[in-house]
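Novice:
Chains as they are written, first to last, in the numbering used here: chain A, 1 to 123; chain B, 1001 to 1229.
1. Does any residue of chain A have a CB that is nearer than 7 Å to the CB of residue 1032/B?
2. The beta strand (DSSP E) that contains residue 1005/B, what's its start and end?
3. Ignoring anything shorter than 4 residues or poking outside the region 1042 to 1072 of chain B, list the alpha helix (DSSP H) runs there in chain order.
4. Excluding sequence positions up to five away, which residues of its chain have a Cβ less than 7 Å from the Cβ of residue 11/A?
5. For residue 968/B, which residues in the same chain have their Cβ closer than 8 Å to its Cβ, ignoring the five residues on either side in sequence?
6. What does the alpha-carbon distance come out to for the pair residue 31/A and residue 17/A?
7. Would residue 1064/B pass as an interface residue toward chain A - the criterion being a Cβ-Cβ separation below 7 Å?
8. Kindly indicate which residue of 1169/B, 1118/B and 1068/B has the alpha-carbon position closest to the one of residue 1040/B.
9. Verify whether the separation of the beta carbon atoms of residue 1009/B and residue 1046/B is less than 7 Å.
10. At the 7 Å Cβ level, is residue 1012/B part of the contact set with chain A, yes or no?
11. For residue 1190/B, which option in 1056/B, 1065/B, 1097/B and 1115/B has the closest C-alpha, if you only look at C-alpha atoms?
12. Using a Cβ-Cβ cutoff of 7 Å, what residues of the region 1067 to 1089 of chain B are near chain A? List them in chain order.
13. Quick check: what's the CA-CA separation for residue 24/A versus residue 5/A?
14. Along the chain, where does the beta strand (DSSP E) that runs through residue 1032/B open and close?
15. Contact criterion: CB-CB distance below 7 Å. Does residue 94/A meet it with respect to chain B?
16. Could you work out which residue in 28/A, 15/A, 91/A and 93/A is closest to residue 148/A when comparing CA atoms only?
17. Would you tell me roughly how many angstroms separate the C-alpha atoms of residue 1077/B and residue 1001/B, rounded to the nearest one?
18. Can you name the residues that DSSP bridges to residue 1159/B?
19. If you drop the 5 nearest sequence neighbours on each side, which residues of the same chain put their C-beta closer than 7 Å to that of residue 1043/B?
Written as structure tokens, this is what we have:
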């Protein structure tokens, strides 16, 4: 196994990403199963960085000629899904905020109208 | 019949008082006219001007800018709860003529349709060519996505019958609301009609409203709305 500067950088990033996972676990963003899943993902990533030839074996099994192609295809699909989820979430947040602002405006107007009616009656 | 004139206003301190002063207070066939201004989080003196007007109007102030869709849906929610028989949306930038509003109201009173749009393109004389081009483009998209044929999907002068007020559920925030009305027309099988109107184009009013550069994000929002509900 040859350790190149590129592999060191990639492994460094993977280690950094895994420490963020640990922090999120400590903050209880996710539980034990989440920690195990993310640790497995980063461990597999580190394994393929150290032994890139093994990713070709997996790729051929999936029907893709090179490991790199399989990784890129998977990454693109995942990113498209994440973008969709982000857009859906942002769209939903905006709807909720608009609804809140609307109800606040209507409620404030109702209170002001009732207050005006009361003061007119007092006269 | 009780009529509500809904005016969404965002940063219109220059013209809002004049626009309101020209609105009709009596229309044949209408017992009561209520002017409902929705101040869409204006950062200029629009809110203060509205509150300081002598005329008896209903002012709804949105704390933050919610967009045309947010402002109109607030106005329609108020109208729905207040039990008005008909409602009209009217631009705050002085683009519309009071006589066209009266024309639209008369069409509502005689029940010509549930959703009636004042179309600037039935007679487009005086309309800038880029506005005509942009409008035709959006009309095609409205037809493709929602199956409703219209000559002016982006017109701000719109009339609603009580049935339309009850049935329509507007959940979009920005300029895409103009096309979304047609989605609601198709969904609830509302009767759609048009009346010809003439817009007033000044340097001020041309600076407002839908821009052709907004076309792409608007189409994305319409597609999202169509396929995510």
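C-beta atoms are modelled at their ideal positions from N, C-alpha and C, and glycine is treated no differently. On a predicted model such as this, the values are computed, not experimentally measured, just so you know.
Specialist: So, from the listed chains and residues:
1. no
2. 1002 to 1009
3. 1046 to 1052
4. 46 and 49
5. In the structure as shown, chain B begins at 1001 and stops at 1229. Residue 968/B is therefore absent and cannot be evaluated.
6. 17 Å
7. yes
8. 1068/B
9. yes
10. no
11. 1115/B
12. 1070, 1073, 1074, 1077 and 1078
13. 29 Å
14. 1032 to 1040
15. yes
16. Any property of residue 148/A remains undetermined from this structure, which presents chain A solely from 1 to 123.
17. 18 Å
18. 1088/B and 1116/B
19. 1011
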